[in-house]
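*Asks:* Using this note's numbering, you'd call the opening residue of the sequence shown number 3 and step up by one each time. The C-beta atom is built at its ideal place from N, Cα and C for all residues, glycine as well. Note that the structure is predicted; figures quoted are calculated from it, not measured. Encoded as structure tokens, here's the structure I'll be asking about.
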Amino acid sequence: MTTPSAPHPLLRYGWDGAFATAFAPYEAEGLRPGRVVRVDRGSCEVVTVTEAGPVAAVRVGTGPVTSPDPVPNPCTGDWVAVDLEQRVARAVLPRRTAFVRAVSSQRSDGQVLAANMDQVLIAVSLADELDLGRVERFLSLAWESGGQPVVVLTKADLVPDPTTLSYLVEDTERVAPGARVLPVSAATGQGMDALAALIGGEGGTTAALLGQSGAGKSTLANALTGADVQRVDATRDSDGKGRHTTTTRDLLPLPGGGVLIDTPGLRGVGLWEADGGLAQAFTDVEALARDCRFPDCAHVTEPGCAVLAAAEEGTLSLRRLENYHKLLRENERIAARSDARLNAELLRNWKQKKALGRHMMERKRGPREGG
Ligand code: GDP
Ligand code: ZN
């Protein structure tokens, strides 16, 4: 296929040595590596290496696949082992990171929305008043995925005063420990080179886009790819809002290196079970909590609570503490709800089995009269 010295054609799609190692056993079976760029019901589009060209997009079936991950269904960003003759994905390589929406507390019931993103870009619009609580929520999701969050403050051209802008950046930084905050404007190009360099650069990374509707994700994706990929349909722009037509790909290589994942599944996500992510989004609170008198302190009314003390002193903002509590409660509710769903399902299965058992018993006994 390719000579050892030639760069692998899938490099611009994020292929690297570790994925190559994971793929080696499938290579021996004559399968090809490919990355999922779009998922539809029962099939997906994969960029892979074919005889016809170094990189080609093929549609493959997603029948039963093998995967070490609890959720085997291929999703955007996955590396798969493709059987080109049968046009089917046979296996999903182990995921480095993943957005998993849990359906129940059983991880295997989850839904993977995107995989293998190194960075998570959280688009937050500067056109509206900064909603720090929402930033914290997205940060929890981003950390939970395993990717490195970057808060991208979009539409920076709407904040022309540099002092005001730097205050907004600082406010955001305070609620985003461990994450970078980058003001950008797709309209003027401000900060766009820095963002492109963050995704591209040495070797290139995979970045996924998160954020509320209207945050400027499509505009950002278009500016980064240098093409009108996430088309805003001007012909149907009768209400002045514009409409997004169907995108062709949810994963795109960028001209400056790196890959962008912008999939409808990630758009407008809420919170799902993200207790690990919550802890990472609130490392400051977690660090304070180590000095609480009681190890199981809930930081509400307990004596000797270091978190409440910090809130009283003003070193921890009350808003942040309240949002921490709120997200924790929300998370518990989601977990309880999914457990309830799981229990209902178990009960249903059990009833079906019982009915089937009764049926089998009767069959085995045979018609009583006949003996
Ligand atoms: P999405 O819903 O997150 O994909 O957001 P869009 O990309 O559709 O953008 C929402 C609105 O914000 C559109 O009207 C855009 O024209 C506008 N917008 C996006 N980026 C910028 C920017 O950099 N500056 C300004 N002033 N407006 C922007
Ligand atoms: Zn406490």
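1. S215 bridges to which residues according to DSSP?
2. Just the Cα atoms here: how many angstroms apart are R182 and V39?
3. Cutting at 8 angstroms between CB atoms, please list the residues of its own chain near A199, excluding the five before and the five after it.
4. Identify, in the order they occur along the chain, each residue of the same chain with its Cβ nearer than 8 angstroms to the Cβ of L320, setting aside the five sequence neighbours on each side.
5. Using DSSP with H/G/I as helix, E/B as strand and the rest coil, what is P72?
6. Does the beta-carbon distance from L86 to R34 come in below 7 angstroms?
7. Under a three-way DSSP split, which group does T227 fall into?
8. Identify whether G180 lies in helix, strand or coil by the three-state DSSP scheme.
9. Counting only the same chain and skipping the five closest in sequence on each side, list residues whose C-beta sits under 8 angstroms from that of V84.
10. Closest to E175 by C-alpha separation, out of G148, G135, S187, would be which residue?
11. How many Å lie between Y15 and L226 at the Cα?
12. Excluding the 5 residues flanking L167 on each side, which residues of the same chain have their C-beta closer than 7 angstroms to its C-beta?
13. Please check the pair V154 and I124, which I expect to be a contact at CB under 8 angstroms, by giving their CB distance rounded to whole angstroms.
14. Give me, in chain order, the residues of the same chain whose beta-carbon lies closer than 8 angstroms to that of G44; leave out the 5 immediate sequence neighbours on both sides.
15. Once DSSP output is grouped into helix, strand and coil, what is the label at E87?
16. Determine, using beta-carbon pairs with one atom in the segment 131 to 147 and one in the segment 199 to 208, whether at least three such pairs fall under 8 angstroms.
17. Under 7 angstroms Cβ to Cβ from G193, same chain only, skipping five residues before and after it: list those, please.
18. How is G55 classed by DSSP in three states: helix, strand or coil?
19. Return the first residue and the last residue of the alpha helix (DSSP H) that P27 is part of.
20. For the candidate residues E53, L280, L211, whose alpha-carbon lies nearest to that of L253?
21. Assign G267 to one of three DSSP states: helix, strand, or coil.
22. For the putative contact between S142 and A217, defined by C-beta atoms under 8 angstroms, what is the C-beta separation to the nearest angstrom?
23. In this structure, how does DSSP classify T247 when only helix, strand and coil are distinguished?
24. If you count every other CB in all the chains shown that lies within 10 Å of the CB of E138, and 16 or more means buried, which is it?
25. Can you tell me the Cβ-Cβ gap for L115 and T265, rounded? I've got them flagged as a contact below 8 angstroms.
26. Tell me the DSSP bridge mates of P380?
27. For the alpha helix (DSSP H) holding R139, just list the boundary residues, first then last.
28. In this structure, how does DSSP classify L13 when only helix, strand and coil are distinguished?
29. Does DSSP classify S319 as helix, strand or coil?
30. DSSP on P151, reduced to helix/strand/coil?
31. Mind checking which residues open and close the alpha helix (DSSP H) that includes A198?
32. State buried or exposed for D239, treating a residue as buried only when at least 16 other CB atoms are found within 10 Å of its CB.
33. Below 8 angstroms on the Cβ atoms is my guess for D80 versus R98; work out the distance and round it to an integer in Å.
34. Taking the C-alpha atoms as reference points, what is the distance between C46 and G213?
35. So, V41 versus T78, is the Cβ gap smaller than 7 angstroms?
36. Pop quiz: A209 and I263 are said to be a contact at Cβ under 8 angstroms. What is the actual Cβ separation, rounded to whole angstroms?
*Replies:* Let's see:
1. Looking up residue 215 in the sequence shown gives position 213. Note: S215 sits in no beta bridge, so no partner.
2. Counted from its first residue, the sequence shown places residue 182 at position 180. Counted from its first residue, the sequence shown places residue 39 at position 37. Roughly 27 angstroms between the two C-alpha positions.
3. Here residue 199 corresponds to residue number 197 of the sequence shown, with the count starting at 1. Contacts found: G258.
4. Within the sequence shown, residue 320 is the residue found at index 318, counting from 1. Closer than 8 angstroms at Cβ, skipping near neighbours: A313.
5. As a working mapping, residue 72 is identified with position 70 in the sequence shown. In this structure, P72 counts as coil in the three-state DSSP scheme.
6. On the sequence shown, residue 86 is found 84 positions in, with the first residue counted as 1. On the sequence shown, residue 34 is found 32 positions in, with the first residue counted as 1. Against a cut-off of 7 angstroms, the Cβ pair of R34 and L86 comes out as a contact.
7. The count along the sequence shown starts at 1 and reaches residue 227 at position 225. Helix, per DSSP.
8. For the purposes of this step, residue 180 is taken as the residue at position 178 of the sequence shown. If DSSP states are grouped into helix, strand and coil, G180 belongs with coil.
9. If you number the sequence shown from 1, residue 84 lands on position 82. In its chain, beyond the 5 residues on either side, L33, R34, P35, G36, V48, T50, V60, V62, V90, A91, R92 have a beta carbon closer than 8 angstroms to the beta carbon of V84.
10. By one-based count along the sequence shown, residue 175 stands at place 173. That would be G135, whose Cα lies nearest to the Cα of E175.
11. For the purposes of this step, residue 15 is taken as residue 13 along the sequence shown, with counting starting at 1. For the purposes of this step, residue 226 is taken as residue 224 along the sequence shown, with counting starting at 1. Roughly 15 angstroms separates the two Cα atoms.
12. Position 165 of the sequence shown holds residue 167. Hits under 7 angstroms: A158, V161, P185.
13. Taking the sequence shown and counting its residues from 1, one reaches residue 154 at position 152. Taking the sequence shown and counting its residues from 1, one reaches residue 124 at position 122. Contact flag correct, Cβ pair sits at about 6 angstroms.
14. Looking up residue 44 in the sequence shown gives position 42. Excluding sequence neighbours, G44 sits near G63, T64.
15. Residue numbering aside, residue 87 sits at position 85 when the sequence shown is read from its first letter. In this structure, E87 counts as coil in the three-state DSSP scheme.
16. no
17. As a working mapping, residue 193 is identified with position 191 in the sequence shown. Excluding residues within five positions, the ones whose Cβ falls inside 7 angstroms are A158, L184, P185, V186, S187.
18. By one-based count along the sequence shown, residue 55 stands at place 53. In the three-state scheme derived from DSSP, where H, G and I count as helix and E and B as strand, G55 is classed as coil.
19. The residue labelled residue 27 in the question sits at position 25 within the sequence shown. Run containing P27: 19 to 30, per the alpha helix (DSSP H) assignment.
20. Here residue 253 corresponds to residue number 251 of the sequence shown, with the count starting at 1. Per the Cα distances, L211.
21. Within the sequence shown, numbered from 1, the residue matching residue 267 stands at position 265. Three-state DSSP puts G267 in a helix.
22. Counting from one through the sequence shown, the residue named residue 142 turns up at place 140. Counting from one through the sequence shown, the residue named residue 217 turns up at place 215. With 8 angstroms as the limit, S142 and A217 do not qualify as a contact, their Cβ atoms being about 17 angstroms apart.
23. Taking the first residue of the sequence shown as 1, we reach residue 247 at position 245. Note that T247 scores 43 on pLDDT, short of 50, meaning its location in the model is unreliable and no value can be drawn from it.
24. Locating residue 138 in the sequence shown gives position 136, where the first residue counts as 1. Buried: at least 16 other Cβ atoms inside 10 Å.
25. Here residue 115 is taken as the residue at index 113 of the sequence shown, counted from 1. Here residue 265 is taken as the residue at index 263 of the sequence shown, counted from 1. So it is a contact: roughly 7 angstroms between Cβ atoms.
26. Within the shown structure, residues of the chain are numbered from 3 to 373, placing residue 380 beyond reach of any answer.
27. Locating residue 139 in the sequence shown gives position 137, counting from the first residue. It spans 134 to 147 - the alpha helix (DSSP H) in which R139 sits, taken as one unbroken run.
28. Here residue 13 is taken as the residue at index 11 of the sequence shown, counted from 1. It is helical.
29. In the sequence shown, residue 319 corresponds to position 317, counting from 1. If DSSP states are grouped into helix, strand and coil, S319 belongs with coil.
30. The residue you call residue 151 lines up with position 149 of the sequence shown. Strand at P151.
31. Numbered from 1 along the sequence shown, position 196 holds the residue referred to as residue 198. Where A198 is concerned, the enclosing alpha helix (DSSP H) stretches over 194 to 201.
32. Counting from one through the sequence shown, the residue named residue 239 turns up at place 237. Low confidence applies here, because D239 scores a pLDDT of 39, under 50, leaving its location unreliable; read the following figure in that light. Classification for D239: exposed.
33. As a working note, residue 80 is residue 78 in the sequence shown. As a working note, residue 98 is residue 96 in the sequence shown. D80 to R98, Cβ: 10 angstroms. No contact.
34. As a working note, residue 46 is residue 44 in the sequence shown. As a working note, residue 213 is residue 211 in the sequence shown. Using only the alpha carbons, I get a separation of about 24 angstroms.
35. Within the sequence shown, the letter at position 39 stands for residue 41. Within the sequence shown, the letter at position 76 stands for residue 78. In this structure, T78 lies closer than 7 angstroms to V41 by Cβ.
36. For the purposes of this step, residue 209 is taken as residue 207 along the sequence shown, with counting starting at 1. For the purposes of this step, residue 263 is taken as residue 261 along the sequence shown, with counting starting at 1. With 8 angstroms as the limit, A209 and I263 qualify as a contact, their Cβ atoms being about 7 angstroms apart.
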